[in-house]
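Engineer:
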Amino acid sequence: MRNRISVLLAALAALSVLAAAGCGATAEKGAGTAAGEGPVTGLRLMVPNTPGGGYDTTARTAAKVMEDAKIASGVQVFNLPGAGGTVGLQRMINEKGNGKLAMQMGLGVVGASYTSKSQATLSQTTPLAKLIEEAGAIVVSKDSPYRTIGDLVAAWKKDPKKVTVGGGSSPGGPDHLLPMRLAKVVGIDPRQVNYVSYDGGGELLPAILGDKVGFGASGYSEFLDQVTAGQLRVLAVTSTEPVPVLKDIPTLKASGIDLVFTNWRGVVAPPGIGDADRRMWIDALTRMHDSQQWKTELTKRGWTDSFVTGDRFAAYLAEQDKSVASILAELGLA
Amino acid sequence: MDNLGHLLDGFVNVLSPGNLLMALLGVVAGTAVGVLPGIGPAMTVALLLPVTYGMDPTQAFILFAGIYYGGMYGGSTTSILLNTPGESSSVITSIEGNKMAKAGRAAQALATAAIGSFVAGTIATLLLVFVTPLVVTFAVGLGAPEYFAIMLLAFVAVSVTLGSSRVRGFASLLLGLVIGLIGIDGVTGRQRLTLGIPQLADGIDVVVVAVGIFAVGEALWVAAHMRRKAMPVIPVGRPWLGAEDWRRSWRPWLRGTALGFPFGALPGSGAEIPTFLSYAVEKRLARRPEEFGHGAIEGVAGPEAANNASAAGTLVPMLAIGLPTTATAAVMLAAFESYGIQPGPLLLERQPALVWTLIASLFIGNLLLLVLNLPLAPAWARLLRVPRPYLYAGILFFASMGAYAVNSQPLDLILLLLLGLLGFAMRRFGLPVLPLIVGVILGPRAELQGRRSLQLSGGDLSGLVGGPLSIAIYAVLVILLAWPLIKRFVPGRAL
Numbered sequence: 001m002r003n004r005i006s007v008l009l010a011a012l013a014a015l016s017v018l019a020a021a022g023c024g025a026t027a028e029k030g031a032g033t034a035a036g037e038g039p040v041t042g043l044r045l046m047v048p049n050t051p052g053g054g055y056d057t058t059a060r061t062a063a064k065v066m067e068d069a070k071i072a073s074g075v076q077v078f079n080l081p082g083a084g085g086t087v088g089l090q091r092m093i094n095e096k097g098n099g100k101l102a103m104q105m106g107l108g109v110v111g112a113s114y115t116s117k118s119q120a121t122l123s124q125t126t127p128l129a130k131l132i133e134e135a136g137a138i139v140v141s142k143d144s145p146y147r148t149i150g151d152l153v154a155a156w157k158k159d160p161k162k163v164t165v166g167g168g169s170s171p172g173g174p175d176h177l178l179p180m181r182l183a184k185v186v187g188i189d190p191r192q193v194n195y196v197s198y199d200g201g202g203e204l205l206p207a208i209l210g211d212k213v214g215f216g217a218s219g220y221s222e223f224l225d226q227v228t229a230g231q232l233r234v235l236a237v238t239s240t241e242p243v244p245v246l247k248d249i250p251t252l253k254a255s256g257i258d259l260v261f262t263n264w265r266g267v268v269a270p271p272g273i274g275d276a277d278r279r280m281w282i283d284a285l286t287r288m289h290d291s292q293q294w295k296t297e298l299t300k301r302g303w304t305d306s307f308v309t310g311d312r313f314a315a316y317l318a319e320q321d322k323s324v325a326s327i328l329a330e331l332g333l334a
Numbered sequence: 001m002d003n004l005g006h007l008l009d010g011f012v013n014v015l016s017p018g019n020l021l022m023a024l025l026g027v028v029a030g031t032a033v034g035v036l037p038g039i040g041p042a043m044t045v046a047l048l049l050p051v052t053y054g055m056d057p058t059q060a061f062i063l064f065a066g067i068y069y070g071g072m073y074g075g076s077t078t079s080i081l082l083n084t085p086g087e088s089s090s091v092i093t094s095i096e097g098n099k100m101a102k103a104g105r106a107a108q109a110l111a112t113a114a115i116g117s118f119v120a121g122t123i124a125t126l127l128l129v130f131v132t133p134l135v136v137t138f139a140v141g142l143g144a145p146e147y148f149a150i151m152l153l154a155f156v157a158v159s160v161t162l163g164s165s166r167v168r169g170f171a172s173l174l175l176g177l178v179i180g181l182i183g184i185d186g187v188t189g190r191q192r193l194t195l196g197i198p199q200l201a202d203g204i205d206v207v208v209v210a211v212g213i214f215a216v217g218e219a220l221w222v223a224a225h226m227r228r229k230a231m232p233v234i235p236v237g238r239p240w241l242g243a244e245d246w247r248r249s250w251r252p253w254l255r256g257t258a259l260g261f262p263f264g265a266l267p268g269s270g271a272e273i274p275t276f277l278s279y280a281v282e283k284r285l286a287r288r289p290e291e292f293g294h295g296a297i298e299g300v301a302g303p304e305a306a307n308n309a310s311a312a313g314t315l316v317p318m319l320a321i322g323l324p325t326t327a328t329a330a331v332m333l334a335a336f337e338s339y340g341i342q343p344g345p346l347l348l349e350r351q352p353a354l355v356w357t358l359i360a361s362l363f364i365g366n367l368l369l370l371v372l373n374l375p376l377a378p379a380w381a382r383l384l385r386v387p388r389p390y391l392y393a394g395i396l397f398f399a400s401m402g403a404y405a406v407n408s409q410p411l412d413l414i415l416l417l418l419l420g421l422l423g424f425a426m427r428r429f430g431l432p433v434l435p436l437i438v439g440v441i442l443g444p445r446a447e448l449q450g451r452r453s454l455q456l457s458g459g460d461l462s463g464l465v466g467g468p469l470s471i472a473i474y475a476v477l478v479i480l481l482a483w484p485l486i487k488r489f490v491p492g493r494a495l
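Sequence lines, in order, name chains A and B. With the numbering used here, the residue at position 118 of the first sequence is 118, and numbering never jumps. With the numbering used here, the residue at position 394 of the second sequence is 394, and numbering never jumps.
#1: Under 7 angstroms between C-beta atoms, does B:PRO267 make it to chain A?
#2: According to the neighbour-count rule (16 or more other Cβ atoms, all chains shown, within 10 Å of its Cβ), is B:PHE130 buried or exposed?
#3: Between A:ALA35 and A:LEU45, what straight-line distance do the alpha-carbon atoms span, to the nearest angstrom?
#4: Beta carbon of B:GLY439, beta carbon of A:GLY172: below 7 angstroms?
#5: Quick check on the DSSP output: what are the complete beta strand (DSSP E) runs of length 3 or more inside the stretch 128-182 of chain A, in order along the chain?
#6: DSSP beta-bridge partners for B:ILE184?
#7: If you follow the beta strand (DSSP E) that A:ASN263 is part of, which residue opens it and which one closes it?
#8: Kindly indicate the opening and closing residues of the beta strand (DSSP E) around A:MET105.
#9: Mind checking B:PRO410: buried by the 16 CB within 10 Å criterion, or exposed?
#10: Taking 6 angstroms as the limit between beta carbons, can you name the residues of its chain near B:SER457, skipping five residues before and five after?
#11: Which residues of the stretch 55-82 of chain A have a Cβ closer than 9 angstroms to any Cβ of chain B? Give them in chain order.
#12: I'd like to know if B:LEU346 contacts chain A, where contact means its C-beta is closer than 7 angstroms to some C-beta of that chain.
#13: Which of the residues in the stretch 199-221 of chain A, read from start to end, lie with their CB under 8 angstroms from any CB of chain B?
#14: Beta carbons nearer than 7 angstroms to chain E: which residues of the stretch 92-108 of chain A have them?
#15: Hey, out of A:ARG60, A:ASP225, A:GLY136, whose CA is closest to A:GLY216's CA?
#16: At least one CB of chain B closer than 7 angstroms to the CB of A:ALA325: is that the case?
#17: In three-state DSSP terms, what is B:VAL140?
#18: If you count every other CB in all the chains shown that lies within 10 Å of the CB of A:HIS176, and 16 or more means buried, which is it?
#19: Mind checking the stretch 28-50 of chain B against chain A and listing, in chain order, the residues whose C-beta falls within less than 8 angstroms of any C-beta there?
#20: Assuming A:SER218 contacts A:LEU204 under a Cβ cut-off of 8 angstroms, what Cβ separation, rounded to an integer in Å, is found between them?
#21: Quick check on B:ARG452 - is its C-beta less than 7 angstroms from some C-beta in chain A?
#22: Which residues in the same chain have their Cβ closer than 7 angstroms to the Cβ of B:LEU477, if we skip the five residues on either side of it in sequence?
#23: Output the distance between the C-alpha atoms of A:ILE93 and B:ILE123, rounded to the nearest integer angstrom.
#24: Applying the criterion that 16 or more other CB atoms from any shown protein chain within 10 Å of the CB defines a buried residue, is B:VAL51 buried or exposed?
#25: Measure the Cβ-Cβ separation of A:VAL75 and A:MET66 and say whether it is below 7 angstroms.
#26: Counting Cβ pairs, one atom from each stretch, are 3 or more of them under 8 angstroms apart for the stretch 87-99 of chain B and the stretch 136-149 of chain B?
#27: Drop a sphere of 10 angstroms on the beta-carbon of A:ASP189, count the other beta-carbons inside from all chains shown, and report buried for 16 or more, exposed for fewer.
#28: Any contact between the stretch 23-36 of chain B and the stretch 65-78 of chain B? By contact I mean 3 or more CB pairs, one from each, below 8 angstroms.
#29: What is the DSSP secondary structure of A:TYR198, counted as helix, strand or coil?
#30: For A:VAL237 and A:VAL227, which I take to be in contact (beta-carbon distance under 8 angstroms), what is that distance rounded to the nearest angstrom?
#31: Is the stretch 406-420 of chain B close to the stretch 102-121 of chain B, with three or more CB pairs under 8 angstroms?
#32: Figure out for me which residue from B:GLU272, B:THR125, B:TYR147 has the closest Cα to the Cα of B:ASN3.
#33: Which of helix, strand or coil does DSSP assign to A:ARG44?
#34: Sorted by chain position, which residues of the same chain lie with C-beta nearer than 7 angstroms to A:PRO271's C-beta, five sequence neighbours on each side aside?
#35: So with CB distances below 8 angstroms, who are the chain B contacts of A:GLN90?
#36: For B:GLN59 and chain A, any beta-carbon pair shorter than 7 angstroms?
Written out as structure tokens, the structure is:
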């Protein structure tokens with residue numbers, strides 16, 4: 001009985017969307033797809049950042065895999081950049097009930113929703129799935145006096161202002177949150193941390209290579225080649241388990257620091273979408289995740305799979321939201 | 001000369017019909033997006049990425065490199081003809097370029113830009129082959145204090161653009177600095193002058209400001225004056241460069257190249273600063289400086305060479321250490337990754353064929369651009385024969401489209417109109433518009449580097465003076481500023 005209702009709802013939702021879009025596809029097709037037969041049509045994926053950035057690459061790759069694996073056809077990816085993703089987030093909230101739209105997001109959007117004092121919050125959205133994650137890394141140049149994370153923390157504790165931290169994101173972003181969380185765990189007041197913000201990994205890298213900052217905090221993949229070439233030293237990674245490509249590098253936990261920090265990317269839908277639409281999205285994303293093409297992309301791009309859907313992702317998002325809010329509040333940014 | 005051998009291999013690889021076609025497609029597309037304000041090469045490459053997934057990586061990169069070089073070139077066309085810079089790196093071209101166009105020398109301005117871009121692109125690509133390791137070591141050694149010094153130098157250099165009335169010039173510059181303040185402060189994450197509008201959090205895009213002040217302001221100004229008297233149709237004049245033009249252009253081309261290449265290689269300096277410096281240098285060195293402001297060909301030749309040379313310079317850190325210094329380079333790096341190619345210090349060892357073919361394709365792309373654009377220059381110039389009302393309607397159309405294309409935000413159109421009114425008012429009260437744009441471009445960067453220097457030194461003012469380079473730059477600054485005084489006390493030579 002419930003299933004019939006959901007099919008009906010899906011048909012209704014599909015009809016309304018189609019009517020609104022004035023598009024020529026038939027209602028039966030829309031209804032059938034919700035039950036998981038044939039490719040879904042008319043899906044739109046919003047990227048709240050500029051073309052070419054991390055969210056953009058993830059969204060376009062996901063859309064392409066959905067096409068190739070015949071899960072969905074004609075998935076439209078579009079960019080609505082602004083205020084670290086908050087402009088896009090506001091749009092999601094305004095699109096209340098639109099079951100064909102979803103937004104690519106991640107930890108950066110969580111932080112930005114606080115630093116930009118946005119009216120729209122992620123708690124209003126419908127969480128669909130977390131796709132990938134990336135461990136952070138604490139990096140120094142090869143000439144740095146710090147050989148281990150222990151050395152670094154000891155020096156940092158002694159004079160937090162003097163040991164500068166470079167990161168590739170603006171305040172509130174992942175590279176800013178990582179050193180702040182780390183400081184808190186090792187007993188340094190986050191307000192004492194001298195964080196220098198660089199415009200992405202491209203600007204951060206020379207600052208670390210040229211010993212302009214005490215240490216760098218960012219996603220590990222930003223530095224992989226420089227580490228292989230021996231120009232940079234990774235002191236610790238921030239995941240629960242060591243990263244396979246950096247298997248000799250200890251995790252923070254293994255070094256006696258109780259912190260796990262990953263930068264993740266996921267997908268959320270507008271508030272108030274129908275149950276059927278929510279299930280259709282989760283189903284499509286799950287099938288995308290299970291496809292061979294997605295696995296190939298993961299290896300190719302060095303992404304770590306961390307697929308979680310629906311309520312479990314909602315719980316994760318709520319927990320992340322809370323932790324980000326508390327650290328930013330402490331810094332006077334939220 | 002091992003590199004030369006590799007480069008020849010690269011030429012062999014690139015000279016296949018398929019690759020040549022890609023290079024041609026790239027430069028045509030690049031020129032087109034360069035002409036349209038708001039759509040930059042970075043966005044084009046990003047949007048083309050999914051299309052190229054099926055392609056051989058070499059072909060894809062040949063295409064991207066063509067777009068990049070083409071975009072740097074195309075931006076000058078609208079700057080010269082319509083006083084509407086297509087890219088922020090061709091803002092300075094419009095000062096002399098548009099004056100030349102209005103004097104019936106549009107074809108010459110376009111030609112000197114085309115040949116200058118070719119000369120600069122070719123020399124800079126050669127430099128890319130031979131001096132990459134050197135430049136990279138140099139670029140990595142520079143920190144925030146050096147960049148801050150460079151920004152200050154750029155500020156002083158552009159003071160020559162302030163116009164005849166210093167007070168009006170500084171007023172305009174300050175307006176620009178204020179517009180540059182709008183948005184989230186990168187150091188503290190706090191919002192400034194955003195009036196609670198989330199779309200303003202990232203600041204106002206330079207393209208929107210430039211197009212609003214230049215194009216919309218100009219269109220309104222012309223519209224306001226057209227009723228009183230019919231405007232004469234702009235003469236088109238001779239189509240080719242004369243001997244005098246060649247004589248006056250070749251030195252600025254070379255000087256522009258020398259300025260543009262190293263700046264391209266520096267992370268976070270961009271293609272605009274060398275164009276400012278080049279303009280200032282040409283104005284100082286010109287035999288007839290009084291022509292500046294009324295269509296001096298040197299003022300087009302130098303900056304145009306500088307922006308193309310900086311495009312090649314950008315590829316130095318990207319290929320050598322996987323470091324993108326512009327948005328386009330960043331997108332190209334993302335493209336490398338999507339092919340499973342890890343860019344970085346080991347790229348040249350792992351993928352020599354790809355890298356050398358890419359470099360060879362830059363030479364080809366450059367040549368194609370010249371072949372394509374030189375004959376087109378007189379044809380473009382004829383565009384000015386279009387009667388003013390239609391011409392300016394067209395400009396307004398492209399201006400609005402470009403401003404909207406930057407972020408797809410309706411708010412940008414409102415901003416465009418407001419800035420257009422500001423541009424109109426500035427013309428009405430005789431304020432030069434260029435210092436404003438300079439303030440918008442340089443202000444935020446100088447602020448960022450200055451504050452970053454102070455952050456790194458823990459608030460100690462000595463942090464603003466870094467290595468020997470920053471000291472050298474400050475010394476040059478002092479000499480420049482004190483020059484009128486020194487001149488008074490140096491007897492004998494009347495300068």
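Think of the CB as a built atom: it goes at the ideal place given N, C-alpha and C, for glycine as much as any other residue.
Structural biologist: By the coordinates alone:
#1: yes
#2: exposed
#3: Since pLDDT at A:ALA35 reaches only 44, below the 50 mark, its modelled position is unreliable, and no value is offered.
#4: No, they are not a contact pair.
#5: 165-167
#6: B:GLN191
#7: 262-269
#8: 101-106
#9: exposed
#10: GLY463
#11: ASP56, THR57, ARG60, THR61, ALA63, LYS64, VAL77, PHE78, ASN79, LEU80, PRO81, GLY82
#12: yes
#13: ASP199, GLY200, GLY202, GLU203, LEU205, PRO206, ALA207, LEU209, GLY210, LYS212, VAL213
#14: In the structure shown, chain E cannot be found, because the protein chains are A and B.
#15: Residue A:GLY136 holds the alpha-carbon nearest to the alpha-carbon of A:GLY216 among A:ARG60, A:ASP225, A:GLY136.
#16: Chain B, which has no Cβ nearer than 7 angstroms to the Cβ of A:ALA325, makes this no.
#17: Correct three-state label for B:VAL140: helix.
#18: Buried.
#19: Residues of the stretch 28-50 of chain B with a C-beta atom less than 8 angstroms from some C-beta of chain A are ALA42, MET43, VAL45, ALA46, LEU47, LEU49, PRO50, listed in chain order.
#20: 6 angstroms
#21: yes
#22: LEU152, LEU153, VAL156
#23: Answer to the nearest angstrom: the Cα atoms are 52 angstroms apart.
#24: exposed
#25: yes
#26: no
#27: exposed
#28: yes
#29: Per DSSP, reduced to three states, the secondary structure at A:TYR198 is coil, with no helix or strand assignment.
#30: Not confirmed; about 11 angstroms, so no contact.
#31: No, they do not touch.
#32: B:THR125
#33: strand
#34: Apart from the 5 residues on each side of it in sequence, A:PRO271 sits with its Cβ closer than 7 angstroms to the Cβ of ILE93, LYS96, GLN124, THR125, THR126 in its chain, given in chain order.
#35: PRO198
#36: Answer no: the Cβ-Cβ gap between B:GLN59 and chain A never drops below 7 angstroms.
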